[in-house]
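Enquirer: Here it is, the structure in full.
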Amino acid sequence: MTSPPLTRPIKSFVLRSGRMSRAQSRSYTNSPRWIIPCGAAPLDLAARFGNDHPVTVEIGFGMGTASAEIAAANADRNYLGIEVFRAGIGRLIWEIENRSLENIRIIEGDAAEVVEKLLVPESIAAFHIFFPDPWPKKKHHKRRLLQKPFAELLASRLAPGGYVYVVSDWEDYAAGALEALGGVETLENPWRGFAPAQAWRPQTKFEKKGIAKNHTINEIYFVRRERRDGKRDTGTD
Ligand SMILES: C[S@@+](CC[C@H](N)C(=O)[O-])C[C@H]1O[C@@H](n2cnc3c(N)ncnc32)[C@H](O)[C@@H]1O
Numbered sequence: 185m186t187s188p189p190l191t192r193p194i195k196s197f198v199l200r201s202g203r204m205s206r207a208q209s210r211s212y213t214n215s216p217r218w219i220i221p222c223g224a225a226p227l228d229l230a231a232r233f234g235n236d237h238p239v240t241v242e243i244g245f246g247m248g249t250a251s252a253e254i255a256a257a258n259a260d261r262n263y264l265g266i267e268v269f270r271a272g273i274g275r276l277i278w279e280i281e282n283r284s285l286e287n288i289r290i291i292e293g294d295a296a297e298v299v300e301k302l303l304v305p306e307s308i309a310a311f312h313i314f315f316p317d318p319w320p321k322k323k324h325h326k327r328r329l330l331q332k333p334f335a336e337l338l339a340s341r342l343a344p345g346g347y348v349y350v351v352s353d354w355e356d357y358a359a360g361a362l363e364a365l366g367g368v369e370t371l372e373n374p375w376r377g378f379a380p381a382q383a384w385r386p387q388t389k390f391e392k393k394g395i396a397k398n399h400t401i402n403e404i405y406f407v408r409r410e411r412r413d414g415k416r417d418t419g420t421d
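Residues 185 to 421 (the numbering used here) make up the sequence shown, in order.
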C-alpha cells in the first residue's frame, strides 16, 4: 500500500517549556536505552523491541502514566510512544524503570513526521490518541492533528485488523475526528457513531481536567478492514 503524503505539514503542538523535575531530568538524561532516535528510517520494530510482538503506537502520551499502565497490563504487546514534551518523556522513562517495563520505547518528535517517515506501511497493530490538543478556537482548527490526511496516513500504517482509538473531551474535535476517520475507505466503524468507553483504558491526566470542566468524553474506534482494497469482505467476489 502506498502512503499518501501529508499535503501540508500540520503543526499540532506548541512546545511546552514545563520545567522538568529532577527525577524526570535524571531519567531523560541517563536512560537513552528507551529512546529511539528520530532519524532511523524505516524503523525495524522487531529489532528495537527484541521480539516481534504486535506494536501499539501512542501519539501524544503527555506524562505517560496511562501508557505505562497499559503496557504493564499487556506484556505480550509492545508500545511505542511518540511525544514532543520532554518533561513527559522523562516522566514516562521514570515509570518504565520504576515498573521494570521491557515493552515500551519512545520517539521524541512530531508524530506527523514520525508516522510518515519511520513507520512501515501495514506494520502497526493499533494507534492510541488520548485527548489530542483540542485547538478550540476556530482560527486554530487547522492545527488539529486528526484531519483527513493524517487519518489516511494512520490507516496506511495499520496492519489489517488493526485499530485506531481516539478519545477527546472536545465535542467538535471528536465529531471532526469521527468524520475524518469515517472517510477513510480502509477503515470500518464497528459502531454507528461514537464507541462505548473501553473499560481497559486508564483515565488520563487531561481526561480528569475535561471531566472537572463537565466536558463529555467521546470515544472513537475504527478497525482496519482485512482486505487491502478497502472493500468489505462479503464473500461474494
Ligand atoms: C492534551 S495533551 C494529552 C496528553 C495525554 N494523552 C493525556 O490524555 O493526559 C496532548 C499531548 O500531545 C502532544 N502532541 C501534540 N501534537 C503532537 C505531535 N504532532 N507529535 C507528538 N506529540 C504531540 C503534546 O505535547 C501533549 O503532551
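C-beta: ideal position from N, C-alpha, C; glycine also.
1) Using the DSSP secondary-structure output, state which residues sit across from V241 in a beta bridge.
2) With a CB to CB cut of under 8 Å and the five nearest residues on each side skipped, what residues in its chain are close to T186?
3) Quick check: V239 and L276, are their CB atoms within less than 8 Å of each other?
4) Confirm the yes/no value for this check: CB of A296, any heavy atom of ligand 1, distance under 7 Å.
5) With burial defined as no fewer than 16 other Cβ atoms inside 10 Å of the residue's Cβ, what is the status of H324: buried or exposed?
6) CB L302 to CB L227, shorter than 8 Å?
7) Do you know offhand how far A358's Cα is from Y349's?
8) Looking at P316 and ligand 1, is the gap between the Cβ and the nearest heavy atom below 7 Å?
9) If you reduce the DSSP assignment to three classes, tell me which class F269 lands in.
10) Use the C-beta contact count for G244: other C-beta atoms within 10 angstroms, 16 or more gives buried, fewer gives exposed.
11) If we ignore side chains and look at the alpha-carbon of each, how far apart do K326 and I194 end up?
12) Within 10 Å of its beta-carbon, does T370 have 16 or more other beta-carbons around it, so buried, or fewer, so exposed?
13) Can you give me the C-alpha to C-alpha distance between P380 and I404, rounded to a whole angstrom?
Expert: Taking the definition as stated:
1) Here the question's residue 241 lines up with position 57 in the sequence shown. DSSP, once it has assigned bridges, lists L264 and F311 as partnering V241.
2) Sequence index remark: in the sequence shown, residue 186 carries index 2 (1-based). Residue confidence for T186 is low, a pLDDT of 48 falling below 50, so the modelled location carries little weight; the figure read from the coordinates is stated next. Once the five neighbours on either side are set aside, the close Cβ partners of T186 are P305 and S340.
3) Working through the sequence shown from its first residue, we reach residue 239 at position 55. Working through the sequence shown from its first residue, we reach residue 276 at position 92. Their beta carbons are not under 8 Å apart, which means V239 does not touch L276 by this criterion.
4) One-based indexing of the sequence shown puts residue 296 at position 112. At a cut-off of 7 Å, the beta-carbon of A296 counts as near ligand 1: some heavy atom of the ligand is closer than that.
5) Looking up residue 324 in the sequence shown gives position 140. H324 should be labelled exposed.
6) Taking the first residue of the sequence shown as 1, we reach residue 302 at position 118. Taking the first residue of the sequence shown as 1, we reach residue 227 at position 43. Yes, the pair counts as a contact, with Cβ atoms nearer than the cut-off.
7) Position 174 of the sequence shown, counted from the start, is the residue given in the question as residue 358. Position 165 of the sequence shown, counted from the start, is the residue given in the question as residue 349. A straight-line Cα-Cα distance of about 11 Å links A358 and Y349.
8) Locating residue 316 in the sequence shown gives position 132, counting from the first residue. Yes - ligand 1 has a heavy atom lying nearer than 7 Å to the Cβ of P316.
9) In the sequence shown, counting from the first residue as 1, residue 269 sits at position 85. It is coil, neither helix nor strand.
10) Numbered from its first residue, the sequence shown carries residue 244 at position 60. By the 10 Å Cβ count, G244 comes out buried.
11) Residue mapping note: residue 326 aligns to position 142 of the sequence shown, counting from 1. Residue mapping note: residue 194 aligns to position 10 of the sequence shown, counting from 1. K326 and I194: Cα-Cα distance of roughly 7 Å.
12) On the sequence shown, residue 370 is found 186 positions in, with the first residue counted as 1. Looking at its Cβ environment, which holds 16 or more other Cβ atoms inside 10 Å, T370 is buried.
13) By 1-based counting over the sequence shown, the position of residue 380 is 196. By 1-based counting over the sequence shown, the position of residue 404 is 220. When rounded, the distance between both Cα atoms is 8 Å.
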